[in-house]
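Going line by line, the protein sequences match chains L and C.
The first sequence begins at 27 in this note's numbering and counts up by one.
The second sequence begins at 106 in this note's numbering and counts up by one.
Worksheet: the structure to be examined is printed underneath.
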Amino acid sequence: MPDTKPADGRLCVRKTYKLFIGGAFPRSESGRSYPVRTPGGDLLAHAARASRKDARDAVVAARAAAAKWTAATAYNRGQVLYRVAEMLEGRAAQFAAEVADAEGTSGKAAARAVAAAIDRWVWYAGWPDKVAQVAGSANPVAGPYFNFSVPEPTGVVAVLAPAGSSLLGLVSVLAPVIATGNAAVVVASEQRPLPAVTLTEVLATSDVPGGVVNLLTGLTAELAPVLAAHRDVDAIDLTGAAPADRAELERLAAGSVKRVLIADEDWAAPPRPQRMLSFLETKTVWHPVGL
Amino acid sequence: MAAKASGRAAPAKAAPPGRGQAPAPAVPAGMTAPQGRWDYAAAPESTEIVSIASEYGLFIDGESAPAADGKQLITLNPATEAPLAKVALAGQADVDRAVAAARAAYEQTWGPMPGAERAKYLYRIARALQERAREFAVLESLDNGKPIKESRDTDIPLAAAHFFYYAGWADKLEYAGFGPDPRPLGVAGQVIPWNFPLLMAAWKLAPALAAGNTCVLKPAETTPLTALLLAEVCQQAGLPPGVVNVLTGAGETGAALVAHPGLDKVAFTGSTAVGKEISRAVAGTGKRLTLELGGKAANIVFDDAPVDQAVEGIVNGIFFNQGQVCCAGSRLLLQESAADAVLDRLRARLSTLRLGDPLDKNTDIGAINSAEQLGRIRELSDSGDAEGAERWSPPCELPSRGFWFPPTIFTGVSQSHRIAREEIFGPVLSVLTFRTPQEAVTKANNTPYGLSAGVWTEKGSRILWMSQRLRAGVVWANTFNRFDPASPFGGYGESGFGREGGRHGLAAYLDA
């Protein structure tokens, strides 16, 4: 395990990597953990190995938080997301080191990924109070009715984070989910979960209400079916699922007519609004016009 | 409303089948109706405009052809149980052929065609539907059992309007908000229900074709005839062969279609149970999917609502098309303080509804579409009795032949009753009560469905407060069951995903 250089001979304090559920940092209720290694095979830490019960608890926490987060003003949500960028910026060096360890990339490449992740939060921070104007409409129906369509968050979205890109990929799939008022249950990259755990510390200090983002670390193949089949999960992003597992997860998701997104992307490329729009419902309201 | 005072003596036998009950309370209080002078004179729409062939083939690659294995099914007039025609029952070989024709058309004609040219074909179809509107309306009422006033004033005009609306998008897709160069998906397999046969065909075909896709449409087993007439319209409009293919058949035809590897897109309207099956069948194939499924809409009436309008809205909400509507307002939520008054008016109004010959221009309630559906309505209604709800129907004699169910209200319904949870898809209204707006929202949202909702109140801020909290794709405030091609329609939750109508409806058929 990497230790920061004990220049003065002092022994550093290592971090316990835990889950993030309902705004708290519990260990797995199962008491399990699993070793996380660098691509080179060096042990980095033991991360919590979340159980099916942890996944269900996370859904409960997300459902409880979703109502309040949805009801927050779009302006407020935008500011919270911007605050995430601010907090991340302040810890950029720490994230660069963790990303370099997790992904086995050079410090320079890791720093670029962290910078892109920060900028991605900023990009999404601008969306909450604009997406309704882009995705909504006033509808000219043939009759004396006032008719308009507005996008609304789907509710609770399960996200299987990309396996490779431990921070930028994660932010690229998480930010669009919560920007629009959804609550998220995220399964971190199985092999590279540590930057994700550290990101939850940023979220916890950025006024993201507890439960809006919940993070599970562990075995994706163990957790994904629980979330895909869970009847109180409204949508699932399967981008981080192994390609061979996707069809079965889609079948499980069909049981409650979940919205399913599978969209492999180049995370370094400029983002587009599509991912955000995938987790929105369009609500159309009619009212008669008259005296 | 029930008795039309024509002044002419109506021969007794002219009364439509089943309308045996004396329409007593037809005249507003205060006016006296001399007893016995108000016999109803039937006003049937002529069927002379429609010629139904004895047999119909499949419409594949611009031509009519029998099923490869020669199988047929018989479509009935649900109001009389009389056979209307024999229709081809498409099998796997026919599905293969239709998908191949659609693929060829996508690659060779429709795909490469400029949007402006596609638009003109769609405008032609819209115009042809308008020209032949009465013919379509009569045929729809014959095959489906719905009242002619609904097919004539709602189904057919809206179907034409849908083609007209989406025609205009065909050459403007780059301005629809899906990027500078949105591409069609390819070949779409579309499976539609029997409750609005032509209208659902229009909802599926118009946006798909406007976006540049080609289509294989599978109409419902019991209502194939207007889709086949639409195929004739496509042919006469000069639509290139293979752009629209119509495969009549049964459930296995639809299953074979959605499972076909040659499709890029599957669109389905129908029950949630079948929607889930289709979703499983499509899983892992990469086909794009949109689903418009069942519903159990709450129609919420506050004590400050204008009662007469609300009662009309309640009636329209659950008895339009015999309640065979996915967005039907099948759960009536009445604020306690107004419940008795609304129910009294509602019962009085139901007593004036005319049930009978779908082709009679004054008929309000037509036939149930099939024996199977009638069985389901009966089974669920009986569960209402068994679970302790109180059933009420106006005095109403049902015709001896055909599939009929009287307008029915259940009171004393609790949220756990099956009639409050399951989609009945018939003229059966479950009445529940609430005290506070919050309670109304909680009860309204207490369902896996989320297609539509109604709110009746004079208070504007409450309408908006309720609209924000109701988990439903369409909220009708002080109105119900309104549809328009420019207005997105579709569900939350287990009512499906994707929207039909408006700019949003294009997203289902574009690779954006």
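Glycine included, each C-beta is placed from N, C-alpha and C at the ideal position.
Remember, predicted model here, so these are calculated numbers, not experimental data.
For this session: Kindly give me the distance between the Cβ atoms of V348 (chain C) and A336 (chain C), rounded to whole angstroms, as I take these residues to be in contact under 8 Å.
Result: Not confirmed; about 11 Å, so no contact.
Exercise. From G316 (chain L) to R257 (chain L), what does the alpha carbon distance come to, in whole angstroms?
Worked result: 42 Å
Exercise. Are the CB atoms of S232 (chain L) and V125 (chain L) nearer to each other than 8 Å?
Worked result: no
Problem set entry | Where Q440 (chain C) falls, given that 16 or more other Cβ within 10 Å makes a residue buried | buried
For this session: Tell me, please, which residues DSSP counts as bridged to Q440 (chain C).
Result: C:F539
For this session: Please report how far the alpha carbon of D68 (chain L) lies from the alpha carbon of A203 (chain C), in whole angstroms.
Result: 58 Å
Problem set entry | Contact set between W581 (chain C) and chain L, taken where Cβ atoms lie within less than 7 Å | W312
Problem set entry | Within the segment 480-553 of chain C, ranges of the alpha helix (DSSP H) (whole runs, at least 4 residues) | 523-526 and 542-549
Problem set entry | Touching by the beta-carbon criterion (3+ pairs, under 8 Å), the segment 37-57 of chain L and the segment 83-98 of chain L | yes
For this session: Along the beta strand (DSSP E) that carries W581 (chain C), what are the first and last residues, could you check?
Result: V579 to A582
Problem set entry | Pairwise C-alpha distance: A443 (chain C) and R540 (chain C) | 10 Å
For this session: Give the residues of chain L in contact with H609 (chain C), contact being defined as C-beta atoms less than 7 Å apart.
Result: S175 and T308
For this session: Figure out for me which residue from L:H313, L:W293, L:R301 and L:M302 has the closest Cα to the Cα of A139 (chain L).
Result: L:W293
Exercise. Thinking C-alpha only, which one of C:V292, C:I230 and C:E382 is nearest G281 (chain L)?
Worked result: C:E382
Exercise. Does DSSP classify C339 (chain C) as helix, strand or coil?
Worked result: helix
Exercise. At a Cβ cut of 9 Å, what residues of the segment 272-285 of chain L count as close to chain C, listed as they run along the chain?
Worked result: R272, A273, E274, L275, E276, R277, L278, A279, A280, G281, S282, V283, K284 and R285
Problem set entry | Neighbour flag for F594 (chain C) against chain L, beta carbons, 8 Å | yes
Exercise. Assuming G162 (chain C) contacts S169 (chain C) under a Cβ cut-off of 8 Å, what Cβ separation, rounded to an integer in Å, is found between them?
Worked result: 4 Å
Exercise. Whole-angstrom Cβ separation of L460 (chain C) and P511 (chain C), contact assumed at under 8 Å?
Worked result: 7 Å
For this session: Select from C:D616, C:R237, C:R385 and C:F424 the residue whose C-alpha is nearest the C-alpha of R285 (chain L).
Result: C:R385
Problem set entry | Buried or exposed (CB count within 10 angstroms, at least 16 for buried), Y101 (chain L) | exposed
Exercise. Any C-beta of chain L sitting closer than 8 Å to the C-beta of F269 (chain C)?
Worked result: no
Exercise. Should V160 (chain L) be labelled buried (16 or more other beta-carbon atoms within 10 Å of its own) or exposed?
Worked result: exposed
Exercise. Of all Cβ atoms in chain L, is any one closer than 8 Å to the Cβ of E397 (chain C)?
Worked result: no
For this session: Under 9 Å between beta-carbons, which chain C residues line up against Y171 (chain L)? List them in chain order, please.
Result: T584, R587, D589 and S592
Problem set entry | Extent of the continuous beta strand (DSSP E) run through L163 (chain C) | L163 to I165
Problem set entry | Member of C:G493, C:T513 and C:A545 whose CA lies at the smallest distance from the CA of S521 (chain C) | C:G493
Exercise. Which of the residues in the segment 355-383 of chain C, read from start to end, lie with their CB under 9 Å from any CB of chain L?
Worked result: T377, G380, K381, E382 and I383
Exercise. With 8 Å set as the bound, which would you pick, yes or no: does the beta-carbon of S653 (chain C) sit closer than that to a beta-carbon of chain L?
Worked result: The structure shown does not extend to residue 653 (chain C), since chain C spans only 106 to 617, so no value can be given for it.
Exercise. Should R208 (chain C) and V292 (chain C) be called a contact, given that it needs their Cβ atoms to be closer than 8 Å?
Worked result: yes
Problem set entry | Partners in chain L for Y597 (chain C), counting only beta-carbon separations shorter than 7 Å | E307
Exercise. Taking one C-beta from the segment 397-411 of chain C and one from the segment 552-562 of chain C each time, how about it: are there three or more such pairs within less than 8 Å?
Worked result: yes
For this session: Using three-state DSSP, classify G123 (chain C) as helix, strand or coil.
Result: Low local confidence applies: a pLDDT of 41 at G123 (chain C) is under 50, so the model's placement there is unreliable, with the coordinate-based value given in what follows. In the structure shown, G123 (chain C) sits in coil (DSSP, three-state: anything other than H, G, I, E or B).
For this session: Within 10 angstroms of the Cβ of K360 (chain L), are there 16 or more other Cβ atoms? Answer buried if so, exposed if not.
Result: As displayed, chain L neither begins before 27 nor continues past 317, which places residue 360 (chain L) out of reach and without an answer.
Exercise. Does the Cβ-Cβ distance between L45 (chain L) and A74 (chain L) come in under 8 Å?
Worked result: yes
Problem set entry | Cβ pair count under 8 Å reaching 3, the segment 288-304 of chain C against the segment 361-378 of chain C | yes
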